[in-house]
Amino acid sequence: MNLDLTDVALFVRVCATRNLSAAGREFSLSPAASSARMAQLERQLGARLLHRTTRQIALTQDGETFLERAVALLDAAEQARASVGAGREPQGLLRVAASVSFGRLHLMPWLPAFMERYPGLQLDLRLSDRVIDLAANGIDVTIRNGPLHDSALIARVLAPSRLLLVAAPAYLARHGTPQRPQELADHQCLVLEGVNPWNFRDLDGSLIKVRVGGRMRSDNGEAMRDAALAGLGIALQSTWAVYQQLKSGALVPLLAAYPMALNSVVSAQYLNRNFLPPKTQAFIDYFAARFGPAPYWDEGLPGIGN
Numbered sequence: 001m002n003l004d005l006t007d008v009a010l011f012v013r014v015c016a017t018r019n020l021s022a023a024g025r026e027f028s029l030s031p032a033a034s035s036a037r038m039a040q041l042e043r044q045l046g047a048r049l050l051h052r053t054t055r056q057i058a059l060t061q062d063g064e065t066f067l068e069r070a071v072a073l074l075d076a077a078e079q080a081r082a083s084v085g086a087g088r089e090p091q092g093l094l095r096v097a098a099s100v101s102f103g104r105l106h107l108m109p110w111l112p113a114f115m116e117r118y119p120g121l122q123l124d125l126r127l128s129d130r131v132i133d134l135a136a137n138g139i140d141v142t143i144r145n146g147p148l149h150d151s152a153l154i155a156r157v158l159a160p161s162r163l164l165l166v167a168a169p170a171y172l173a174r175h176g177t178p179q180r181p182q183e184l185a186d187h188q189c190l191v192l193e194g195v196n197p198w199n200f201r202d203l204d205g206s207l208i209k210v211r212v213g214g215r216m217r218s219d220n221g222e223a224m225r226d227a228a229l230a231g232l233g234i235a236l237q238s239t240w241a242v243y244q245q246l247k248s249g250a251l252v253p254l255l256a257a258y259p260m261a262l263n264s265v266v267s268a269q270y271l272n273r274n275f276l277p278p279k280t281q282a283f284i285d286y287f288a289a290r291f292g293p294a295p296y297w298d299e300g301l302p303g304i305g306n
């Protein structure tokens with residue numbers, strides 16, 4: 001049985017988009033041609049891969065099983081192509097995922113120069129604050145912010161992601177400045193979904209856990225930063241998100257003597273594989289060089305302890 005790799009690639013994109021027509025457009029195929037190719041693939045495999053209705057597409061159990069193999073098959077084809085001749089030069093479609101805030105602040109400014117350096121690359125950039133399944137969405141590399149966890153992904157640290165508390169001078173003028181983590185219980189804290197309690201290191205290195213609360217919470221870090229700028233409370237932020245506001249004085253760092261007890265980093269993560277395509281390697285190397293162990297966003301920040 002000889003599978004057409006275009007059919008396999010189309011199937012993977014249908015799984016990612018849950019839309020046959022949208023996936024077909026990526027291959028310059030009409031909806032009818034896309035449907036015919038999916039039907040052909042199912043006939044060759046002797047299995048139903050997709051449940052299709054007029055409103056939605058869902059994977060069958062066989063489809064879920066084949067998806068993992070399909071991604072591996074496309075990876076193997078990419079490895080073979082990239083291992084010879086002109087294929088060593090980064091080229092083709094590179095799919096990248098990142099959070100909305102980090103993508104806008106620290107990927108977008110550098111991408112024009114990256115694209116100019118590698119004219120054979122096309123970029124599909126997905127900005128979302130939800131964790132994206134790399135295999136199901138055909139993502140080559142994702143940029144994530146936070147502690148490293150054991151997973152099926154390979155991670156390369158691109159930069160530290162220092163965490164600190166910030167507030168606007170107007171808020172502190174009205175409510176006072178906390179001197180110890182325990183005093184946060186008396187303040188309006190802007191709580192990011194899933195990040196509570198806030199954990200600190202005491203002066204002797206012991207752990208302090210403070211469950212915080214306030215009148216506002218959100219699932220978006222940018223919204224919490226903007227709320228802090230508006231004087232609505234105290235926010236827990238990464239320096240990469242607020243470095244400009246700290247330098248201008250629009251936000252003030254708090255509790256510098258009590259660092260956050262969380263080892264957070266900016267990392268590039270990709271599927272566990274024996275071969276990293278040149279396009280993915282080029283992207284990771286490029287941003288590792290732009291960020292590094294002393295990233296530009298931490299340079300010259302006022303009043304921040306280590």
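The opening position of the sequence shown corresponds to residue 1 in our numbering, with each subsequent residue numbered one higher. Just so you know, even glycine gets a beta-carbon here, dropped at the ideal spot from N, CA and C. In this text, all values refer to a predicted model and were calculated from it rather than measured experimentally.
Along the chain, where does the beta strand (DSSP E) that runs through residue i open and close?
i	result
D124	L121 to L127
P160	L153 to P160
V166	L163 to A167
L59	I57 to L59
R52	L50 to R52
P253	V252 to L254
Can you tell me which residues form a DSSP beta bridge with residue i?
i	result
K209	N199
A288	Answer is none; A288 lacks a bridge partner.
S217	Residue identity check: residue 217 is Arg in the sequence provided, not Ser. Note: R217 sits in a beta bridge opposite V191.
V96	L125 and V141
M308	As shown, the chain starts at 1 and ends at 306. That puts residue 308 outside it, with no answer to give.
L236	L165
Using a 10 Å radius around the Cβ and a threshold of 16 neighbouring Cβ atoms, would you call residue i buried or exposed?
i	result
M224	buried
N263	exposed
C15	buried
K279	buried
V100	exposed
M108	exposed
S238	buried
V71	buried
V141	buried
L164	buried
L255	buried
D7	buried
P90	buried
A308	There is no way to answer for residue 308, as the model of the chain reaches only from 1 to 306.
With a threshold of 6 Å on Cβ separation, who are the neighbours of residue i within its own chain once the five nearest residues in sequence on each side are excluded?
i	result
A47	D62
A58	H51
V266	N145, L158, A159 and S161
L125	V96
L184	P178, V210 and V212
Y296	none
R290	W110
E222	S101
Just to confirm my understanding: we take residue i, look at its own chain, exclude 5 residues before and 5 after, and list those with CB closer than 7 Å. What are they?
i	result
V252	V166, A167, P169 and L172
R215	Q188
H106	W240
G85	Any answer about G85 is weak, because its pLDDT of 48 lies below 50 and its placement is not dependable; what the coordinates show is given next. Once the five neighbours on either side are set aside, G85 has no close Cβ partner at all.
L93	Q122 and D124
S30	G24
F27	T6 and L10
A98	L107, L127, T142 and I143
The alpha helix (DSSP H) spanning residue i covers which residue range?
i	result
N137	L134 to N137
T142	That residue, T142, is in no alpha helix (DSSP H); its beta strand (DSSP E) goes V141 to G146.
A316	Any answer about residue 316 is impossible in this case: the structure gives the chain only from 1 up to 306.
V14	L5 to T17
S267	Unbroken run through S267 is the beta strand (DSSP E), V265 to L271; no alpha helix (DSSP H).
L45	P31 to L45
S21	L20 to E26
L111	L111 to R117
For residue i, which residues in the same chain have their Cβ closer than 8 Å to its Cβ, ignoring the five residues on either side in sequence?
i	result
A23	L10, R13, V14, A16, T17 and S34
H175	H187 and Q188
L67	F11, V12, C15, L59, A135 and A136
L229	A168, Q245, A250 and L251
Consider the C-beta atom of residue i and the heavy atoms of the ligand GTP; say whether any pair is separated by less than 7 Å.
i	result
A235	This structure lacks the ligand GTP; in fact it carries no ligand of any kind.
Under 8 Å, Cβ to Cβ, is there at least one residue of chain D near residue i?
i	result
K247	The chain inventory of the structure shown lacks chain D, comprising one protein chain alone.
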